[in-house]
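Just below is one structure, and these are the notes that go with it.
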Amino acid sequence: MTGTKRGSTGQIGARRKRVEDPRLLTGQGTFVDDIQLPGMLHLDFVRSTHAQARIAAIDTSEAAKCPGVVAVYTAEEIHGFVPLLPGPAELPGLRAPEHHVLANGHVRYVGEAVAAVVAEERYTARDAREAIRVDYEPLPAVTDMERALEADAPLVHEEFGSNLAFELPLGNETAAALEEADVVIQQRMLNQRVIPNTMETRGIVADYRRSDGQITVWLSTQAPHLIRSLLAELLDLPEHRLRVIAPDVGGGFGAKANLYGEEMLAVALAKQLGRPVKWIEERQEHMLATSHGRAQLAHVTLGAARDGTIRALELRILADMGAYPHIMTPLAPLQTAAVMTGCYRIPCARAEIQGVFTNTTAPDPYRGFGRAEAAYYLERAIDLLARRLDLDPIEVRRRNFIQPEEFPYSSPTGYVLESGDYEVCLRRALEKVDIGALRQQQGRLRSEGRYIGIGFASYVYRAGFPSLPKLPRTGFLKGGWESAWLRVDPMGKVTVLTGTSPHGQGLETSLAQIAADELDIDLEDVVVRHGDTASIPHGNGTMGSRSLAVGGSAVLLAAREVRHKALRLAAHHLGVEVDAVRLEAGRAFLPGHPERAISFADLADLSYSFLDLPDGMTPRLEASATFEPHNWNAPFGTHVCVVEVDVQTGEPKLLRYVAVDDCGRAVNPLIVEGQIHGGVAQGLGQALMETVVYDSEGQPLTVSFLEYATPTASDMPTLEVELTETPSPLNPLGARGVGESGTTGAPPALVNAVVDALAPFGVEHLDMPLLPERVWRVLHEAGAVR
Amino acid sequence: MAPSHFEAPTDVEAAIALLSRRPGARPLAGGTDLLVQLRLGAATPDLFVDLKRIPRLMATSLDSKGLTLGAAVPAAEIVENASIRSLWPGLVEATALIGSSQIQGRATWGGNLCNASPAADAVPAMIVCGAKIVLAGPGGEREVLIEDFTTGPGETLLERGELVVEFRVPAPAPRSADAYLRVTPRSEMDIAVVGVGVQLELDREGRVASARVALGAVAPTAVRADAAAEALVGSRLDDAALDRAAVAASTSASPIDDRRGTAAYRKSVVGVLTKRAARIAYERAQAR
Chain U
7 MTGTKRGSTG
17 QIGARRKRVE
27 DPRLLTGQGT
37 FVDDIQLPGM
47 LHLDFVRSTH
57 AQARIAAIDT
67 SEAAKCPGVV
77 AVYTAEEIHG
87 FVPLLPGPAE
97 LPGLRAPEHH
107 VLANGHVRYV
117 GEAVAAVVAE
127 ERYTARDARE
137 AIRVDYEPLP
147 AVTDMERALE
157 ADAPLVHEEF
167 GSNLAFELPL
177 GNETAAALEE
187 ADVVIQQRML
197 NQRVIPNTME
207 TRGIVADYRR
217 SDGQITVWLS
227 TQAPHLIRSL
237 LAELLDLPEH
247 RLRVIAPDVG
257 GGFGAKANLY
267 GEEMLAVALA
277 KQLGRPVKWI
287 EERQEHMLAT
297 SHGRAQLAHV
307 TLGAARDGTI
317 RALELRILAD
327 MGAYPHIMTP
337 LAPLQTAAVM
347 TGCYRIPCAR
357 AEIQGVFTNT
367 TAPDPYRGFG
377 RAEAAYYLER
387 AIDLLARRLD
397 LDPIEVRRRN
407 FIQPEEFPYS
417 SPTGYVLESG
427 DYEVCLRRAL
437 EKVDIGALRQ
447 QQGRLRSEGR
457 YIGIGFASYV
467 YRAGFPSLPK
477 LPRTGFLKGG
487 WESAWLRVDP
497 MGKVTVLTGT
507 SPHGQGLETS
517 LAQIAADELD
527 IDLEDVVVRH
537 GDTASIPHGN
547 GTMGSRSLAV
557 GGSAVLLAAR
567 EVRHKALRLA
577 AHHLGVEVDA
587 VRLEAGRAFL
597 PGHPERAISF
607 ADLADLSYSF
617 LDLPDGMTPR
627 LEASATFEPH
637 NWNAPFGTHV
647 CVVEVDVQTG
657 EPKLLRYVAV
667 DDCGRAVNPL
677 IVEGQIHGGV
687 AQGLGQALME
697 TVVYDSEGQP
707 LTVSFLEYAT
717 PTASDMPTLE
727 VELTETPSPL
737 NPLGARGVGE
747 SGTTGAPPAL
757 VNAVVDALAP
767 FGVEHLDMPL
777 LPERVWRVLH
787 EAGAVR
Chain X
148 MAPSHFEAPT
158 DVEAAIALLS
168 RRPGARPLAG
178 GTDLLVQLRL
188 GAATPDLFVD
198 LKRIPRLMAT
208 SLDSKGLTLG
218 AAVPAAEIVE
228 NASIRSLWPG
238 LVEATALIGS
248 SQIQGRATWG
258 GNLCNASPAA
268 DAVPAMIVCG
278 AKIVLAGPGG
288 EREVLIEDFT
298 TGPGETLLER
308 GELVVEFRVP
318 APAPRSADAY
328 LRVTPRSEMD
338 IAVVGVGVQL
348 ELDREGRVAS
358 ARVALGAVAP
368 TAVRADAAAE
378 ALVGSRLDDA
388 ALDRAAVAAS
398 TSASPIDDRR
408 GTAAYRKSVV
418 GVLTKRAARI
428 AYERAQAR
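Shown next, in the form of structure tokens:
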């Protein structure tokens, strides 16, 4: 591997506290809603209260008369200056419905925008919104994918004649292998629909300057450059006069990597009205109209030999497209298929994917996008297999692990795993929980009528996407590369610009550590800037666990170039060959001659004096760099969850949670652990309590935190996190992704633990979320409780 | 829409006068339920009468007869009061389950009771402690037992112009103690699927001399389960007595199916919690 040198300041690997936190924790962050512009107008939306209905009429006359209302819009009024939203990525045979910013005579999910109001004040806009009368003719709706595929199901899009959006088989042949397998297990598994619930909801301020056509957009987004390209293309705006700023952003989880109708409309209206327009999403709107996550169902078939060697895996996946899939919506099940064989040598694997339209909010990326689903199916299936064969689930995993010497390993579904050492994570996790003692305790407590369960999940996913063949819609996803600019000011202080767009990941700290380490200067001497298309020429944003491994590698390359230039300048200044000079601890010097030295600050100052430069050297210590990964990197790990199930009430209680994760080189282990903590909490949220529920008419019943439970700190056990470091050969940092590790490992670990606890009652599977009543019901049916 | 008027009287009489004047007037203490209802459009008051500047509603006094606590005292003050905690541990457990730490800075017993949710955590715990409330209105003051106050979901005995002034919790008898348990999918910021309060008084031989059991979220209001209580009386909490109490509690519950739980689940779990809360109360009473 091409590892980095470790500077004397030792920044790489240091547990530095996040430099962004004092700002964020003392209320000095700037979020979109903090942006106030003179003359700013406020946008608000009327949303559909029906899951499927024809719009007979919309009466906006009362709203238009409200004092302070500037304009009211329906689909008719924006026709001509607001285009359709981009359809989904064009998979073969995919049927893409028209996606209007405001419903065009027909609504297809509760929460779909129907009309818009612009007013002088936010609350005026809200009052006017209430004054708009929409006359609906309700139609039958379908929110369940299996129901949607039945012949007599209501049609989400009548013109398509069915609710099947696309069908796609991936992988190789499994039939023969399943036929020959000693044992075949089959299980239907639901990966239920969840709501991202970022702490900051969506929001935008758009400002148009008539004099020169400059448009500035402040947007709560994960990808300002991608959004700029989309806006420019869709609204036919000159990209160089369009500036998108992602200020402090309070979380994205994948749901802010897309351009939404509300956002495009705000920009179009700012131009149309010649005044700044602000829209801030309410929490209830977020729960209805921001993309959801998961919403997948799989029929899992796993065939194996008697000794537990896995022969074949088959997934029949139903992937919910909602009513109007976003660009990335159909890619989720493809991601699932790509990594469906996980950490294991499975020679035959096949996924049969069906995308299904339903009268629901479209799902889109959500922390773990497609790959967390795959890990869930596989890790659950392995436990089912172990149970069937009466083998230790740990041994079944071990027996099938791809071994370190087998990499690069090509999976049957076309994904090449670059490297890994799965055994080492598993072993450490087992040592940490003291598996022998734990199992003894489990047996002892069982005889006392107490039910402890131990659940394992060994996962691998793919992170930091490489450049993919350009998706044939808009300019989305320019590539997998990432950019960095590094410049040293005359006082020797460093500014790093990154094309990633951090929104909670701590990259202002970890990217600064990379630059400080390479230049061997103090962390305090580096500042990282991001999220402004005016100062950062291009970048691909923060998503898919890419920012440190890919964006950080670009920073490293830029810092390396600056380091070389500084050394050349120092050599010139000291009158020696460049090889004789060392750059260390904030100065360049000649080893053995401490008096022949120049501080990094003086060197920086010198670099601005043209006459002091060696021939041919350009002024200033600065560099730009681009890093392109040629493959996805593969983060992996093993999580072990220990629960006690209260069989009388069905409550699962978390006793211990051990996570051993490998993200390759950990630049800042403190931040890495924080990512694991947050991800595990979010994953346990899905496993234990989160779910979107619709009634038979398609009304979502979970539209506030009163009905939609997310975990709080008090629901979490102490997380015992350990890192192993198996460097990735794919980038100069040796880093892998980490942001999605927690949401990938936690759901199968938790469910496996609860199912293990209930083994004495013959329970083999439970669908998430494991709400007390769901657990109680299965025990009740097994006759364990009255 | 926000109400057009807001008043903050400093005595009970002025509050009564304000509440009597407008039919849409609502008393406001912590506002942790009322403001949510307002946003959802479920409440449309035209006047808020803030109670927090009335000294009597913010007062706590504890003597040998028991506790007198103003209806607008924040839950956090109750939870953090060591004397209250040691005398009525179950009541404090229930209070500590209202909302979250932050919400407890504002939430009050008065609000928890007057919101009249069948799932209010503090209410079963108050009932088993024999707590009463003092209501004040245009016709004067009256004292009402907690279990008589709520008449249905969102419905109470409050007459127009009347408000809850204070709570009176009698001092626990020697060798008596209370406990409260509930089931929720998450540990805080959640609404009880089932809640059970139990108070037991023991005789010198360790037998249950008297008992009270109250159930939350299994009927239109929090209800007493006297049959369950009677099943415990005279016992040393042997398994047979506990089983009888559990069955009696299940039988006296009349829950509905809703998003949070089915009737079948609630009927089963209310018995489980009755047993467990009884055991805790028993241990506590023994220790006194």
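Chains as they are written, first to last, in our numbering: chain U, 7 to 792; chain X, 148 to 435. From the three backbone atoms N, C-alpha and C, an ideal C-beta is built for every residue, glycine too. It should be emphasised that the depicted structure is a prediction, and the values quoted were computed from it without experimental measurement.
Asked, Found
"Please name the residues in the region 630-663 of chain U whose beta-carbon is closer than 7 Å to at least one beta-carbon of chain X, in chain order.", "GLN654, THR655 and GLU657"
"For the beta strand (DSSP E) holding THR227 (chain U), just list the boundary residues, first then last.", "Note, THR227 (chain U): premise wrong, no beta strand (DSSP E); not H, not E."
"Secondary structure at THR10 (chain U), three-state DSSP: helix, strand or coil?", "Interpretation of THR10 (chain U) is limited by its pLDDT of 45, a score under 50 that renders its predicted location unreliable; the figure taken from the coordinates is listed afterwards. Of the three classes helix, strand and coil, the one that applies to THR10 (chain U) here is coil, per DSSP."
"With DSSP collapsed to three states, give me the class of TYR412 (chain X).", "helix"
"Would you say VAL250 (chain U) and LEU279 (chain U) are within 7 Å of each other, going by their C-beta atoms?", "no"
"Go through its chain and collect everything with a Cβ distance to GLU320 (chain U)'s Cβ below 6 Å, but skip five positions before and after it.", "THR180, THR307 and ARG356"
"Using a Cβ cut-off of 7 Å, which residues of the region 712-723 of chain U contact any Cβ in chain X, in chain order?", "GLU713, ALA715, PRO717, THR718, SER720 and ASP721"
"Per DSSP, what kind of secondary structure is ARG173 (chain X) in: helix, strand or coil?", "strand"
"Specify the secondary structure class of GLY459 (chain U) as computed by DSSP and reduced to three states.", "strand"
"Inspect the beta-carbon positions of VAL311 (chain X) and ILE274 (chain X) and report whether they are closer than 7 Å.", "no"
"Check whether the Cβ atoms of HIS56 (chain U) and PRO103 (chain U) lie closer than 7 Å to each other.", "no"
"Evaluate HIS246 (chain U) with the Cβ neighbour count: other Cβ atoms within 10 Å of its Cβ, from every protein chain shown; 16 or more gives buried, anything less gives exposed.", "exposed"
"In three-state DSSP terms, what is LYS499 (chain U)?", "coil"
"Indicate whether the contact test is met: 3 or more Cβ pairs, each with one atom in the region 321-335 of chain U and one in the region 369-377 of chain U, closer than 8 Å.", "yes"
"In whole angstroms, what is the alpha-carbon distance linking TYR457 (chain U) and GLU313 (chain X)?", "45 Å"
"In chain X, which residues lie less than 8 Å from ARG695 (chain U) when you measure between Cβ atoms?", "Position check: residue 695 (chain U) holds Met in this sequence, whereas Arg was assumed. Result: PRO332 and ARG333."
"What does SER415 (chain X) reach in chain U if we use C-beta pairs closer than 9 Å?", "GLN654, THR655, TRP782, HIS786, VAL791 and ARG792"
"Only counting runs of 4 or more residues, tell me where the alpha helix (DSSP H) segments fall wholly within the region 324-392 of chain X, in order along the chain.", "373-379"
"Figure out for me which residue from X:ALA318, X:ASP385, X:ARG406 and X:GLU352 has the closest Cα to the Cα of GLU713 (chain U).", "X:ARG406"
"Using three-state DSSP, classify TYR129 (chain U) as helix, strand or coil.", "helix"
"Comparing C-alpha positions only, which one of U:THR32, U:PRO414, U:HIS305 and U:ALA463 sits nearest to PRO754 (chain U)?", "U:ALA463"
"Taking only the alpha-carbon atoms, compute the straight-line gap between ASP242 (chain U) and ALA276 (chain U) and give it to the nearest angstrom.", "14 Å"
"Give, in chain order, every residue of the region 398-429 of chain X whose Cβ lies closer than 7 Å to some Cβ of chain U.", "ARG406, GLY408, THR409, TYR412, SER415, VAL416 and VAL419"
"Less than 6 Å between C-beta atoms, sequence neighbours within five positions excluded: which residues of the same chain meet that for ALA212 (chain U)?", "VAL223, ALA272, VAL273, ALA276 and VAL283"
"Nearest to GLU424 (chain U) by CA position, among U:ARG434, U:PHE471, U:TYR614 and U:MET722, is which residue?", "U:PHE471"
"Compile a chain-ordered list of the residues in the region 742-764 of chain U whose CB is closer than 9 Å to at least one CB of chain X.", "none"
"Output, in chain order, the set of chain U residues within a Cβ distance shorter than 7 Å of ALA336 (chain X).", "One point to set straight first is that residue 336 (chain X) is Met, not Ala, in the sequence displayed. Those within 7 Å of MET336 (chain X) in chain U are THR718."
"Excluding the 5 residues preceding and the 5 following THR506 (chain U) in the sequence, name in chain order all residues of the same chain whose CB lies nearer than 7 Å to its CB.", "GLU488, LEU513, HIS536, GLY545, GLY547, THR548, SER553 and GLY557"
"Does the Cβ of GLN17 (chain U) have 16 or more other Cβ atoms within 10 Å, making it buried, or fewer, making it exposed?", "buried"
"Following the continuous alpha helix (DSSP H) through VAL76 (chain U), name the residue where it begins and the one where it ends.", "That residue, VAL76 (chain U), is in no alpha helix (DSSP H); its beta strand (DSSP E) goes 75-79."
"Which runs of the alpha helix (DSSP H) spanning at least 4 residues fall entirely within the region 725-781 of chain U, listed in chain order?", "747-763"
"Evaluate ILE403 (chain X) with the Cβ neighbour count: other Cβ atoms within 10 Å of its Cβ, from every protein chain shown; 16 or more gives buried, anything less gives exposed.", "exposed"
"Which residues in the same chain have their Cβ closer than 6 Å to the Cβ of SER416 (chain U), if we skip the five residues on either side of it in sequence?", "VAL422"
"Can you check whether the C-beta of GLU206 (chain U) is within less than 7 Å of a C-beta belonging to chain X?", "no"
"Rounded to whole angstroms, what is the Cα-Cα separation between THR697 (chain U) and LEU248 (chain U)?", "39 Å"
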